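For reference, each letter of the sequence shown is one residue, going 34 to 447 in the numbering used here.
Working notes, structure below.
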Amino acid sequence: MAVTAYVAVGGNLGDRRAYLDRALAALRARPGVAVTRVSSVYETAPVGGPPGQGPYLNAVAQIETDLSPDDLLGVFLDIEQQLDRVRAERDGPRTIDLDLLFYGDAVRADARLTLPHPRLHERLFVLQPLAEIAPGVVHPVLKRTAADLLADRLGLRPAGPSPGRELTGLRALVTGSTSGIGRAIALELAAGGADVLIHGRRFPDAAEETAAGVRLAGGRSTVLMADLRDRDQCLKLADQAWAAWGGLDVLANSAGADTLTGEAATWPFERKLAELLAVDVTATTLLARDLGRRMKSAGGGVILNMGWDQADTGMEGDSGELFAAAKGAVMAFSKSLAMSLAPEVRVHCLAPGWIQTAWGRGASAAWQERVLRETPLRRWGTPEDVAAAARWLASPAARYLTGQVVRVNGGAVR
Ligand code: A4P
Ligand code: MG
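Written out as structure tokens, the structure reads:
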């Protein structure tokens with residue numbers, strides 16, 4: 034799913050809540066659209082339109098989509114029609130209205146579509162729900178965040194971090210954040226208000242792209258490149274990360290060797306094992322020990338390592354054995370490190386299950402079927418699912434947890 038977009042949903046005719054819920058359900062059911070966040074539902078006084086019309090219900094949804102803006106608009110019109118929308122007068126009462134607020138940072142104005150939505154910054158019924166779910170999203174023309182636009186419109190602004198920006202002021206390093214789970218964690222920590230250092234090995238352009246995403250969410254970001262198979266580069270990365278902003282509050286060790294796709298898939302077992310041990314185990318251990326000690330001396334921090342849910346339960350085949358050896362070690366190490374670094378630093382290990390990364394997208398029909406069969410929540414996990422757990426573990430809300438292995442696996446118990 035390539036682009037993050039925001040959709041305003043509202044209506045003031047008939048069973049308003051049912052129409053709103055049905056509109057969201059219809060969006061969710063569309064191929065190429067994943068609804069990733071939905072605001073509270075607000076009852077709002079009508080703005081404009083004929084006198085005497087009833088109050089609206091309004092909400093905003095965040096989606097990830099592969100569809101073009103035009104196709105998305107087509108989907109909206111389709112859903113509106115399906116839900117009894119009749120177009121009579123301008124700003125007249127309606128069962129449901131779907132408006133595209135932002136499509137990434139696209140800017141456009143023609144007969145069919147205006148992006149960003151031309152009136153969004155004037156309207157509380159849009160800004161309030163938008164700022165609730167995406168306070169840091171930046172209006173690509175006005176160059177202001179949703180939280181700022183709302184504050185302007187209200188004539189008041191929070192003096193401290195808002196509830197949706199619980200990581201404000203935290204400095205994070207996310208290793209392996211050029212793609213997949215690491216990238217999703219970097220962007221999610223940024224959405225929570227954190228500054229995020231991006232790390233990659235081979236793709237500086239992809240690293241810069243993630244960094245741009247962090248800045249779009251309102252955070253600071255810098256790229257650090259390092260080959261974590263090399264001990265000296267690990268320790269240098271730790272030094273650079275600590276020096277960048279004068280300390281670090283969150284370390285997410287999500288760099289892992291990919292031995293499933295590309296040329297590495299053809300390597301013999303022992304070479305794959307060496308690669309996994311070097312990157313997933315040794316680099317994680319060195320970085321977590323080095324930066325963990327510094328965090329402890331500085332008085333606080335959170336370390337998140339990356340395990341694998343089936344390391345505990347077992348999985349047949351070469352890949353099962355390889356990942357179990359590497360990720361089982363990371364899970365066990367994390368618990369011991371949590372003991373060493375308590376009480377100042379909290380240490381956790383995320384243990385993702387079937388997450389649809391590059392390998393998962395290309396997996397055979399038999400694998401697709403197996404994943405659904407073994408997962409009670411009946412779908413592949415997404416990098417964003419893992420990132421949501423990471424954000425929470427990094428937040429003050431998780432203050433009384435340490436040494437946990439958190440299985441982000443759709444409930445799979447096998
Ligand atoms: N269009 C252009 N840009 C966009 C965009 N970014 N998203 C074109 C969606 N559509 C866009 O819209 C007319 C045409 O605008 C679309 O076919 C598309 O080609 P429409 O939905 O038929 O007409 P509308 O909804 O009456 O107009 P519009 O411009 O969407 O109005 P608003 O700004 O949505 O205002 N008060 C409260 N409390 N809550 C409300 O939700 N809504 C309105 C409608 C007025 N007052 C309200 C509320
Ligand atoms: Mg509209």
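The C-beta atom is built at its ideal place from N, Cα and C for all residues, glycine as well.
All figures in this text were calculated on a predicted structure; none of them were measured in a lab.
Any residue with its Cβ nearer than 6 Å to a heavy atom of the ligand MG should be included. What is that list in chain order?
Listed along the chain, these residues meet the criterion: Asp130 and Asp132.
Have a look at His150 and Val40 and give me their C-alpha separation to the nearest angstrom.
Going by the C-alpha atoms only, they are around 10 Å apart.
CA-to-CA distance, Gly295 to Gly226, given in whole angstroms:
Computed Cα separation, rounded: 35 Å.
Quick one: is Arg127 buried, meaning 16 or more other Cβ sit within 10 Å of its Cβ, or exposed?
Within 10 angstroms of the beta-carbon of Arg127 lie 16 or more other beta-carbons, which makes it buried.
State yes or no: is the C-beta of Ser287 within less than 9 Å of the C-beta of Leu337?
Against a cut-off of 9 Å, the Cβ pair of Leu337 and Ser287 comes out as a contact.
Can you determine whether any heavy atom of the ligand A4P sits closer than 8 Å to the C-beta of Tyr52, and answer yes or no?
The answer is no for Tyr52.
Enumerated in chain order, which unbroken segments of the alpha helix (DSSP H) with a length of 4 residues or greater are wholly contained in the stretch 278 to 355?
Here the runs fully enclosed are 302 to 309, 317 to 331 and 343 to 346.
Any contact between the stretch 179 to 189 and the stretch 213 to 226? By contact I mean 3 or more CB pairs, one from each, below 8 Å.
No, the stretch 179 to 189 is not in contact with the stretch 213 to 226.
At a cut-off of 8 Å, is Gly43 close to the ligand A4P when judged by its beta-carbon and the heavy atoms of the ligand?
Gly43 Cβ: within cutoff of the ligand A4P.
Nearest to Thr318 (by Cα), restricted to the options Arg61, Glu303 and Gly340:
Out of Arg61, Glu303 and Gly340, Gly340 has the C-alpha closest to the C-alpha of Thr318.
Return helix, strand or coil for Gly202, following the three-state DSSP convention.
Note: Gly202 maps to coil in three-state DSSP.
Assuming Pro83 and Gly125 make a contact with CB atoms under 8 Å, what is their CB distance in whole Å?
Correct: roughly 6 Å between the Cβ atoms.
Let me know the secondary structure DSSP gives Gln161 once reduced to three states.
In the structure shown, Gln161 sits in a helix (DSSP, three-state: H, G or I).
In terms of alpha-carbon separation, which member of Ala274, Leu146, Lys329 and Gly436 lies closest to Val229?
Residue Ala274 is the option with its Cα nearest to Val229.
Closer than 8 Å: is that where the CB of Gly47 sits relative to any heavy atom of the ligand A4P?
With a cut-off of 8 Å, the C-beta of Gly47 is classified as distant from the ligand A4P, since no heavy atom of the ligand falls inside that distance.
Does the contact criterion of 3 or more C-beta pairs under 8 Å hold for the stretch 105 to 114 versus the stretch 170 to 180?
The stretch 105 to 114 makes no contact with the stretch 170 to 180: fewer than 3 CB pairs, one atom from each, lie closer than 8 Å.
Quick one: Cα of Pro376 to Cα of Met328, how far?
Spanning the two alpha carbons is a distance of roughly 11 Å.
Relative to the ligand A4P, is the shortest distance from any of its heavy atoms to the C-beta of Asp265 smaller than 8 Å?
For the ligand A4P, not one heavy atom lies less than 8 Å from the Cβ of Asp265.
Rounded straight-line distance, which links the Cα of Arg424 to that of Asp345
Between the C-alpha atoms of Asp345 and Arg424 there is a straight-line separation of about 24 Å.
Taking the alpha carbon of Asp282 as the point to measure from, which residue in Asp272, Arg204 and Gly252 has its own alpha carbon closest?
Taking only the C-alpha atoms, the option nearest Asp282 is Arg204.
Quick one: residues in its chain with C-beta nearer than 6 Å to the C-beta of Arg49, no 5 flanking neighbours on either side, listed in chain order?
Closer than 6 Å at Cβ, skipping near neighbours: Leu90.
Going by Cα to Cα distance, which pick from Gly393, Val170 and Gln95 is closest to Arg61?
Scanning Gly393, Val170 and Gln95 for the CA closest to the CA of Arg61 turns up Gln95.
Hey, is Tyr39 close to the ligand FAD, as in C-beta under 8 Å from one of its heavy atoms?
The ligand FAD is not part of the structure shown, which contains the ligand A4P and the ligand MG as its ligands.
For Phe135, which three-state DSSP category applies?
If DSSP states are grouped into helix, strand and coil, Phe135 belongs with the strands.
What residue range is occupied by the uninterrupted alpha helix (DSSP H) comprising Val247?
Val247 -> alpha helix (DSSP H) spans Pro237 to Leu249.
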